[in-house]
Structures are given as C-alpha cells and as structure tokens.
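Numbering-wise, our numbering puts 132 at position 146 of the sequence shown, and it's gapless, one number per residue.
Glycine residues also receive a C-beta, built at the ideal position from the N, C-alpha and C atoms.
Worksheet: the structure to be examined is printed underneath.
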Amino acid sequence: MPVRFLTVEQQQRYGRYQGAPTLLQLERYFHLDDADRKLVNARRGDHNRLGFSVQLATVRFLGTFLANPVEVPPNVIDWSIYLERSPTHREHAGLIQRQYGYRDFSAQPAHWRFIRWLYDRAWLGTEGPSVLFDIATAQLLEQKILLPGVSVLERLVAAVRERVAQRVWKLLSR
-13 MPVRFLTVEQ QQRYGRYQGA PTLLQLERYF HLDDADRKLV NARRGDHNRL GFSVQLATVR
47 FLGTFLANPV EVPPNVIDWS IYLERSPTHR EHAGLIQRQY GYRDFSAQPA HWRFIRWLYD
107 RAWLGTEGPS VLFDIATAQL LEQKILLPGV SVLERLVAAV RERVAQRVWK LLSR
C-alpha cells in the first residue's frame, strides 16, 4: 500500500500560507464581526489583540494554527510585537479553538464521521490520492476540524483507498 503519494511541494504547502491572500480571501476569512471584535478587545495590549485576531483569521483560512505564528504573509500583519511573550500565541490558539468550535482531528465523534465521509468519497469517486487529499483537507476546513500533520492525513487517505480497493476486489471475485 503506497502511503507517500504527495509530492514534497504538496507536503510543504499543507496547512501554510501560499503567498499573500487575495483581497477576496482577506474579505472572506479575515473580516471580524462584532462578536469577534468583542473577544479580540478582551485581550490585553495592542500586540495581543493583533496577534489574537491574526490567529483567528489564520485558523479560518488554513484550518490550523501555525506552529510558528510569524509565518504569515506581509499583507496579513507584522508579528514582531505579538511574539514578545512566547506562550501568548498558544493561549490564543486554545481560546479561539474553544470559542469558535474548532475540534482536534482525533476528537470523537467528528473523527469517525470524517473517516466515514472519506471512505464514502473514495468508494463513490474516481479521484486519485492527491486530489482526494485536497478534498479531505477542504472537508476538514468546512467542518472546523483542525488539520493533522501532513503525514497523518496522507496515511489516512492511503489506508482508506486501500480498504476501498480491497472491498472492490472482494466484490469482483464473487
């Protein structure tokens, strides 16, 4: 069962900014409504409010929190002040996750439902592993499930496709 079907470039793009977001993307994912602003304004200091709002927009846009929150394009924001206190971005990530309903990839029952959806998609669709991986990533974003590591999702897609293939062969052999 081939597990490594993503190119190195695809692995490096996963869960990261690919250049500067477009104006349409900025308007869609980086807009803060009144409820967002209320939560942002509860943070101490301008740098914390800025960092919190950028992390909120990042998880909406990418489906994950960045391991290094300074890895944002210049048009998103300058992070230099935000990182003065290192645990701040992790505290903000946890608060955003709780407040906006983002779930960990392994949290049940969402994890099981996602695997079932992935299996159904692989069973009914004709997409190759790379395309199925991209569709799975989009589904996780839509369901507010934080993206797992690239190799975790890659192995899951490969395992599901292998299971579907075994089912097909079993049905054909009858």
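DSSP state of residue i mapped onto helix, strand, coil
i    : result
R89  : strand
Y105 : helix
F51  : coil
Y3   : coil
T112 : coil
E77  : helix
E148 : helix
A21  : helix
A43  : helix
Per DSSP, the bridge partner or partners of residue i
i    : result
I131 : R89
Residues near residue i by beta carbon distance below 8 Å, same chain, minus five either side
i    : result
V45  : F51, A79, I82, Q83, Y86, Y88, L132
A124 : none
A6   : P59, P60, N61, V62
Nonlocal neighbours in the same chain, by C-beta distance under 7 Å from residue i, ignoring five residues either side
i   : result
A43 : Y15, F16
Where residue i falls, given that 16 or more other Cβ within 10 Å makes a residue buried
i     : result
Q(-2) : exposed
V154  : exposed
Residue i: CB within 7 Å of a non-hydrogen atom of the ligand MG
i    : result
L110 : With respect to small molecules bound, the structure shown includes none, and the ligand MG cannot be examined in it.
Min CB distance residue i to chain E below 8 Å
i    : result
T112 : Given the protein chain composition of this structure (a single chain), no chain E is represented.
(message) Quick test of the definition: if touching needs 3 or more C-beta pairs under 8 Å, does the segment 109 to 124 touch the segment 142 to 157?
(response) yes
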